[in-house]
Amino acid sequence: MNLRVATREDIPAIEALMTASMKALLPKFLDGKQVERSSESMGVDTLLVDDGTYFLVYIDEMLAGCGGWSRRRTLYGGNHTRGRDDALADPATEPAKIRAMFTHPDFTRRGIGRFLLEAGEGAARAEGFKTMEMGSTAAGRPLYEACGYEFIEDLSQPSEDGIVVPVLRLRKSLI
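Taking our numbering, the leading residue of the sequence shown gets 86, the next gets one more, and so forth.
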């Protein structure tokens, strides 16, 4: 596995990976309408790319996964997601965030998610953060809990047509 920091030029490939991942992996946890609505709360956050905190994982020169971390207050979502707070978090009192983790369906169960988590946690720890949080999907929760994250609260909200896509706040101590 090779890890590198994403650039703006990578955004089309990131979007394609996110779409493929959501279409193939979310139906194991959500119904069809929930999968369709997932794009309302998921997507590329260009601030992660611009901040240099979004990673790409390649296996044999194929984009196998993407994900990262953030020193900003926004918990989850893409550029279009409501409720964003792009202010910087205080490492002494606020958590860093694990953000936008996706694995290509052809590369699941190969340690990509764990690899991305470790990269994000290490970078956040190096900047003085003591805690990580994330807004997890139902699909990601088993991996994150296996990596030491604990469920804090259910942040799920219905869409305008009443469809609820689960979003779960998870937390992990880095010390």
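Here a beta-carbon is modelled for each residue, glycine too, at the ideal position from N, C-alpha and C.
A149: member of the beta strand (DSSP E) spanning 147-155, first to last residue. The alpha carbon of G247 has as its nearest neighbour, out of E121, H165, S258, the alpha carbon of E121. A Cβ-Cβ contact shorter than 7 angstroms links L173 with R157. One thing to note: G153 has its Cβ within 7 angstroms of the Cβ of G205. The continuous beta strand (DSSP E) containing I183 extends over residues 181-188.
When G213, P227, R210 are compared, the shortest CA-CA separation from R194 is found for P227. Taking all protein chains shown into account, E218 has 16 or more neighbouring C-beta atoms within 10 Å of its C-beta and is therefore buried. Two segments are said to touch when three or more pairs of C-beta atoms, one from each, lie closer than 8 angstroms; by this definition the region 106-124 does not touch the region 132-139. Around the beta carbon of H189, a 10 Å sphere encloses 16 or more other beta carbons of the protein chains shown; the residue is thus reported as buried. Relative to the Cα of L259, the nearest Cα in the group Y234, T216, I99, L160 belongs to T216. Under the three-state reduction of DSSP, T216 is assigned to strand. E238 is bridged by DSSP to R254. Counting along the chain, no alpha helix (DSSP H) covers R89; the unbroken beta strand (DSSP E) around it starts and ends at 87-90. Nearest in C-alpha terms to F200, of all of F236, L102, I144, M107, is I144.
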